[in-house]
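One structure below.
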Amino acid sequence: MGRPVQAYDEHGVVIWQADYDIYGNLLNLKGDRQFVPFRQLGQYEDEETGLYYNRFRYYDPSTGGYISQDPIGLAGNNPTLYGYTRDSNTRIDLWGLDCDVPKKTQTHHIIPMAVYKAFRKDFKKIKGYVQAVNVRTAKNRTNLIDLDTPFHGNHPKYNEYVSKKITKLTNEGDLKLDDINTLQNNLRNEIGKAQASGKNLNEHFGKLK
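Numbering (the numbering used here), first residue to last: 15 to 223.
Written as structure tokens, this is what we have:
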């Protein structure tokens, strides 16, 4: 993870040493805390606040998250806008903007293409909505998310869940961009819960109403 664990003087004697918990808090510290102010990769501890400066945001090691939302929003590919990464054991966030994505990922539509096609006329009326049909060339990633195994493959229960939510919105009137954005955020959060629990999308969304 790039965390410093020891510092030596010119004689090779250890003058600073520390372990870390999963959020980056110092444990078993030996030496002056601020002698080495660097914490998780890309972070610098602010002595007065105890927060870790991450260039674009401040990270709180007591909660394992940032104190402000990701300035690039949903383009950061993190279901939680305040989160450091989806998995701090395997990912890093150098600038407080986004996380490194493992190679074994696949980009998915949050509003699935099958659902989009079923409600195409309704979506076409929404000013500013971008489905991002071609995931490789899409510049607007609001409707995209990168998922790891075991989240690849077909997910009919997820599609069914999203379809029900869209149906409910259309029954209440014309689809609005704010409503779709709220739905996308909620879906990202639920996907994050599925990932944290180890369940695939069908297992998780099949139990939701």
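Beta carbons: idealized from backbone N, C-alpha and C, even for Gly.
From a predicted model like this one, the values you see are computed outputs, not experimental measurements.
From the DSSP secondary-structure annotation, give me the bridge partner or partners of Tyr73.
The bridge partners DSSP lists for Tyr73 are Tyr66, Tyr80.
Pick from Gly79, Arg71, Glu24: whose alpha carbon is nearest that of Tyr37?
Gly79
Going by Cα to Cα distance, which pick from Asp188, His123, Asn68 is closest to Gln54?
Asn68
Confirm, please, whether the CB-CB distance from Gln20 to Val28 is below 8 angstroms.
Contact: yes.
Take Asn195 as the anchor and find which of Leu43, Val144, Lys139 has the nearest alpha-carbon.
Val144
Can you tell me which of Ala146, Arg17, His169, Thr181 puts its alpha carbon nearest to the alpha carbon of Gln57?
Arg17
Determine the direct distance from the alpha carbon of Tyr72 to that of Pro230, and round the result to whole angstroms.
A query on residue 230 cannot be resolved here, the shown segment of the chain reaching from 15 to 223 and no further.
So what's Ala32 in DSSP terms, helix, strand or just coil?
The answer is strand: DSSP assigns Ala32 an E or B state.
Hey, His123 and Leu161 are a contact pair by Cβ (cut 8 angstroms); roughly how many whole angstroms apart?
The Cβ separation is near 11 angstroms, so there is no contact.
Counterpart residues of Ser44 in DSSP-defined beta bridges
The sequence shown places Lys at residue 44, rather than the Ser named in the question. Under the DSSP definition of a beta bridge, Lys44 partners with Gln31.
Between Glu24, Ser82, Tyr96, Pro51, which has its C-alpha nearest Gly206's C-alpha?
Tyr96
Given that a residue counts as buried once 16 or more other Cβ atoms are within 10 Å of its Cβ, and exposed if not, what is Thr151?
exposed
Residue range of the unbroken alpha helix (DSSP H) whose run includes Tyr22
No alpha helix (DSSP H) contains Tyr22, which is instead part of the beta strand (DSSP E) from 20 to 22.
In chain order, each beta strand (DSSP E) run of at least 3 residues that lies wholly inside the segment 146 to 181:
158 to 162
Would Asn6 and Pro93 qualify as a contact pair, given that the criterion is a beta-carbon distance under 8 angstroms?
Lying before the first or after the last residue shown, residue 6 is absent from the chain, which here runs from 15 to 223.
Between the beta-carbon of Ile81 and the beta-carbon of Val129, is there less than 8 angstroms?
no
Neighbourhood of Ala32 by C-beta, 6 angstroms cutoff - its chain only, sequence neighbours within 5 removed:
Leu40, Leu43
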